[in-house]
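The structure under discussion appears below in the form of structure tokens.
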Amino acid sequence: MTDSKPTDKRAHTVLRKAHWIEWTTGLICALLVTAMILLIAYHAVTGSDGKPDIAAIVLRQESASGGYQVFFEVENKGMRTAAAVPVIARLMEGEKVVEIHEVTFDYVPAQSSATGAFLFKANPSGYRLEIRAAGYIDP
Amino acid sequence: MGGIKASEGDETAASPRFLVGIGRGIGGAMLFALPMQMTMEMWEFGFLIDRWRLLLLLLLVIPLLVGISHRLGFEKTFCWKDDMRDATIAYGIGIVTSAMTLTLFKLLTADMPIDEMAGKIALQAVPASIGALLGRSQLGSGKDDPEEERPASYGSELFLMAVGALFLNLNMAPTEEMILISYKMTPWHALATICLSIALMHGFVYAVSFKGGHELSSDTPWWHALIRFTLPGYVIALVISLYCLWTFGRLDGGALMPAIEAMIVLAFPGAIGAAAARLIL
Chain A
445 MTDSKPTDKR AHTVLRKAHW IEWTTGLICA LLVTAMILLI AYHAVTGSDG
495 KPDIAAIVLR QESASGGYQV FFEVENKGMR TAAAVPVIAR LMEGEKVVEI
545 HEVTFDYVPA QSSATGAFLF KANPSGYRLE IRAAGYIDP
Chain B
4 MGGIKASEGD ETAASPRFLV GIGRGIGGAM LFALPMQMTM EMWEFGFLID
54 RWRLLLLLLL VIPLLVGISH RLGFEKTFCW KDDMRDATIA YGIGIVTSAM
104 TLTLFKLLTA DMPIDEMAGK IALQAVPASI GALLGRSQLG SGKDDPEEER
154 PASYGSELFL MAVGALFLNL NMAPTEEMIL ISYKMTPWHA LATICLSIAL
204 MHGFVYAVSF KGGHELSSDT PWWHALIRFT LPGYVIALVI SLYCLWTFGR
254 LDGGALMPAI EAMIVLAFPG AIGAAAARLI L
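Chains A and B, in that order, give the protein sequences.
If you number the first sequence the way the numbering used here does, the last residue is 583 and the count never jumps.
If you number the second sequence the way the numbering used here does, the last residue is 284 and the count never jumps.
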């Protein structure tokens, strides 16, 4: 593996043979970059035209100072990221809305999830709780 | 310049030269860190950033500064003790200048919780301290010190690339634009970004190798440099961009593909920083 032959044209060039560590490092890095390119190419071919697929689910609730906290998760199972996702929570008693709150997530990335919490004055256990993601914009 | 009166003796010359070094350090800290000190996200991350991740970043900076100091530094250093001293001084300059600038912009006020103040200063001190050390080489006399040029080993070439990548990444990773760009891109755009990153890096690597340089002779095939320098440099840029994104919580809750795409976006400036660092530093 001689990559540098002695030459007197360039007096400042310090000539030395490449150490085997340089080639080992280089080859491992070449493999890593190739693997990454293949993975992205696979995704490009199979699923780049997907759409966001968002759903909100309640995780748990706790009492907090001055009310109740309901923790929830928004999951995007789609292949595209959704931006500015509003999540609306309503406490319902029959058809009557007792409390309504809204929070907005800046982003819910593709195949990822984001978490947050709603703060209610009334105890959600006594009512029907509806949580849903109400829309998104393309980033 | 104080250092010029060196003929009066080593004792009297040493301290003005050291003071000039400190001055350059402060200049470097301001020059390199002001873009971050005037970025909104960086103020917010002062209290938002996970404390364990901030601690890890602050600890990782120490060996990084010692390593930079070994290559550049306030004064020519010959042993690790001097490097440790210079790194400590640089960290100190970084902390003091960050605190000063943040106070000047009324981003630090007396009624703030101590935790928030410490977080804001600590985060800004990282780029500022790197800038303080780089200021020595960038604002220094350069050509007046030809003996400063040291033969670079392979490891130190890669280390310089890491410093260059980290510097540009710290500038950009806190901003929301990095993830926003990655969300806008399709996988095809990501592939094109990888190719362009590697091509640009290779241009720099090739340029620096023949600058009168010290690594490759003119009859070395181009792909030798690609495998031995460009690709390891690009992988370093990728790893550092992943680390920066993680530090600023940009990967939390995300899946593999969005993380890889954000990493590629941030590694684009990182790759240019890494390649340019070999040319500049």
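Glycine included, every Cβ here is placed at the ideal spot set by N, Cα and C.
Spatially closest choice to residue i from the options, by CA coordinates
i                        : options                                   : result
tyrosine 580 of chain A  : A:Ala500, A:Arg572 and A:Val489           : A:Ala500
histidine 584 of chain A : A:Ala533, A:Glu537, A:Ser556 and A:Gly491 : What is shown of chain A runs 445 to 583, which leaves residue 584 of chain A out entirely.
tryptophan 55 of chain B : B:Met33, B:Phe251 and B:Ile124            : B:Phe251
aspartate 582 of chain A : A:Tyr486, A:Gln555 and A:Val529           : A:Val529
glutamate 179 of chain B : B:Ala32, B:Leu248, B:Leu63 and B:Val69    : B:Leu248
glutamate 517 of chain A : A:Leu476, A:His463, A:Ser556 and A:Val541 : A:Ser556
glutamine 127 of chain B : B:Arg88, B:Tyr237, B:Ala32 and B:Gly26    : B:Ala32
proline 1 of chain B     : B:Ile71, B:Leu203, B:Val268 and B:Arg281  : Because chain B spans 4 through 284 in this model, residue 1 of chain B falls outside it and cannot be assessed.
glycine 167 of chain B   : B:Asp114, B:Ala93, B:Ser244 and B:Thr91   : B:Ser244
tyrosine 246 of chain B  : B:Phe50, B:Leu107, B:Val23 and B:Asn172   : B:Asn172
leucine 62 of chain B    : B:Leu284, B:Asp86 and B:Tyr94             : B:Tyr94
isoleucine 25 of chain B : B:Ser185, B:Ala279, B:Thr196 and B:Thr100 : B:Thr100
leucine 476 of chain A   : B:Gly256, B:Tyr237, B:Leu169 and B:Leu284 : B:Tyr237
valine 2 of chain B      : B:Phe170, B:Ala279 and B:Met115           : The question about residue 2 of chain B has no answer here: the residues shown for chain B are numbered 4 through 284.
alanine 462 of chain A   : B:Phe232, B:Trp46, B:Leu22 and B:Ile184   : B:Phe232
Element boundaries [beta strand (DSSP E), containing residue i]
i                         : result
glycine 491 of chain A    : Note, glycine 491 of chain A: premise wrong, no beta strand (DSSP E); alpha helix (DSSP H) at 464-491.
serine 556 of chain A     : 556-564
serine 159 of chain B     : Element bounds for serine 159 of chain B: not the beta strand (DSSP E) but the alpha helix (DSSP H), 157-175.
glutamate 517 of chain A  : 511-520
serine 507 of chain A     : 498-508
isoleucine 581 of chain A : Looking at the DSSP string, isoleucine 581 of chain A is not in any beta strand (DSSP E), and its letter there is neither H nor E.
lysine 540 of chain A     : 540-552
Span separating the alpha-carbon of residue i from that of residue j
i                            : j                            : result
alanine 262 of chain B       : methionine 188 of chain B    : 13 Å
isoleucine 230 of chain B    : phenylalanine 162 of chain B : 17 Å
isoleucine 239 of chain B    : cysteine 198 of chain B      : 16 Å
aspartate 447 of chain A     : alanine 228 of chain B       : Residue placement at aspartate 447 of chain A is poorly supported in this model, since its pLDDT is 42, which falls under 50; the coordinates are not used for a value here.
valine 552 of chain A        : proline 235 of chain B       : 33 Å
proline 19 of chain B        : lysine 84 of chain B         : 21 Å
glycine 97 of chain B        : glycine 28 of chain B        : 9 Å
threonine 468 of chain A     : phenylalanine 48 of chain B  : 39 Å
methionine 120 of chain B    : lysine 109 of chain B        : 12 Å
methionine 204 of chain B    : alanine 274 of chain B       : 6 Å
phenylalanine 515 of chain A : isoleucine 117 of chain B    : 29 Å
tyrosine 209 of chain B      : glycine 276 of chain B       : 15 Å
threonine 559 of chain A     : valine 547 of chain A        : 11 Å
glycine 470 of chain A       : threonine 91 of chain B      : 34 Å
leucine 573 of chain A       : glutamate 506 of chain A     : 14 Å
leucine 59 of chain B        : leucine 51 of chain B        : 15 Å
isoleucine 267 of chain B    : threonine 223 of chain B     : 29 Å
serine 569 of chain A        : lysine 521 of chain A        : 29 Å
tyrosine 486 of chain A      : tryptophan 225 of chain B    : 29 Å
alanine 202 of chain B       : proline 66 of chain B        : 31 Å
alanine 474 of chain A       : tryptophan 191 of chain B    : 20 Å
isoleucine 472 of chain A    : glutamate 466 of chain A     : 10 Å
alanine 258 of chain B       : methionine 115 of chain B    : 36 Å
leucine 57 of chain B        : glutamate 543 of chain A     : 39 Å
threonine 196 of chain B     : glycine 494 of chain A       : 21 Å
Test item: CB-CB of residue i and residue j under 9 Å
i                         : j                            : result
glutamate 537 of chain A  : tyrosine 571 of chain A      : yes
aspartate 497 of chain A  : alanine 527 of chain A       : no
methionine 260 of chain B : isoleucine 484 of chain A    : yes
lysine 123 of chain B     : leucine 136 of chain B       : no
alanine 102 of chain B    : leucine 111 of chain B       : yes
methionine 41 of chain B  : asparagine 174 of chain B    : no
leucine 37 of chain B     : serine 132 of chain B        : no
alanine 561 of chain A    : arginine 524 of chain A      : no
proline 177 of chain B    : glutamate 264 of chain B     : no
alanine 427 of chain A    : tyrosine 512 of chain A      : Nothing about residue 427 of chain A can be reported from this structure: the residues present for chain A run from 445 to 583 only.
alanine 488 of chain A    : leucine 194 of chain B       : yes
arginine 74 of chain B    : serine 159 of chain B        : yes
glycine 294 of chain B    : glycine 30 of chain B        : With chain B running from 4 to 284 in the structure shown, residue 294 of chain B is simply not present.
serine 156 of chain B     : phenylalanine 271 of chain B : no
leucine 2 of chain B      : glycine 134 of chain B       : The requested residue 2 of chain B does not occur in the structure, where chain B is confined to residues 4 to 284.
methionine 164 of chain B : arginine 281 of chain B      : yes
alanine 508 of chain A    : leucine 563 of chain A       : yes
isoleucine 575 of chain A : valine 531 of chain A        : yes
Opening and closing residue of the alpha helix (DSSP H) in which residue i lies
i                         : result
lysine 84 of chain B      : 83-107
threonine 250 of chain B  : 234-250
methionine 536 of chain A : Segment 526-537 is the beta strand (DSSP E) holding methionine 536 of chain A; no alpha helix (DSSP H) there.
lysine 187 of chain B     : 180-187
leucine 51 of chain B     : 43-51
glycine 70 of chain B     : 54-74
isoleucine 267 of chain B : 259-283
alanine 113 of chain B    : Neither: alanine 113 of chain B is in no alpha helix (DSSP H) and is coded neither H nor E.
Exercise. What residues in the segment 477-492 of chain A bring their beta carbon closer than 9 Å to a beta carbon of chain B?
Worked result: Val477, Met480, Ile481, Leu483, Ile484, Ala485, Tyr486, His487, Ala488, Val489, Gly491 and Ser492
Exercise. Using Cβ-Cβ distances below 7 Å, what residues of the segment 228-240 of chain B are close to chain A?
Worked result: Ile230, Arg231, Leu234, Pro235, Tyr237 and Val238
Exercise. Residues in the segment 547-564 of chain A with C-beta within 8 Å of chain B's C-beta atoms, listed in sequence order?
Worked result: Asp550, Tyr551, Pro553, Ala554, Gln555, Ser556, Ser557, Ala558 and Thr559
For this session: Below 8 Å between beta carbons is the criterion; list the residues of the segment 174-202 of chain B that meet it against any residue of chain A, in chain order.
Result: Glu179, Ile182, Leu183, Tyr186, Lys187, Thr189, Pro190, Trp191, Ala193, Leu194, Ile197 and Ile201
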